[in-house]
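Presented below is the structure to which this report refers.
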Amino acid sequence: MNKNFKYILEERLQYMLVWQRECLEYFEHQQISEKAKFKYYQERRIESLFFKIYFLPLIILKFLKKQKQKRRYLKGLTEIEVIKEELYKINNIKKIGGNNE
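Written out as structure tokens, the structure reads:
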């Protein structure tokens, strides 16, 4: 049972590490899009102001979505830490149990 649980935790850890890399890649692409948008509207001040006023509700929703994504990412990082701690405990129990036998 314990070996099976360890295997499940290792698989979950690998999945979460892949997820972390994909999230970081997604955030990088978002930053590039933001920079391009900023550069485009830097020369078009009036157009930028008009679109910011017109799309204010969508801008607020995008902001809230970004905050949710950041919170989900931080929660995932915490989950990775907890899984690593659990695997460390399982490995230490095996070492201690193996020495006593």
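Sequential numbering from 37 applies to the sequence shown in our numbering.
The C-beta atom is built at its ideal place from N, Cα and C for all residues, glycine as well.
Since the model is a prediction, treat every value here as computed from it, not as a measurement.
Terminal residues of the alpha helix (DSSP H) in which residue i lies
i   : result
R81 : 81-90
Residue nearest to residue i in terms of C-alpha spacing, selected from the options
i    : options            : result
Q56  : L110, K120, K104   : L110
I116 : Y43, I96, L49, K39 : L49
G112 : E47, I44, Y51      : Y51
E64  : N127, T114, K102   : K102
Expected contact under 8 Å - CB spacing of residue i and residue j to nearest Å
i   : j    : result
I95 : K88  : 7 Å
L60 : L123 : With 8 Å as the limit, L60 and L123 do not qualify as a contact, their Cβ atoms being about 22 Å apart.
E83 : Y77  : 7 Å
*asked:* Extract the residue ranges of the alpha helix (DSSP H) inside the stretch 41-124, only unbroken runs of 4 or more that lie entirely within it.
replied: Within the stretch 41-124, the complete alpha helix (DSSP H) runs of at least 4 residues are 81-90.
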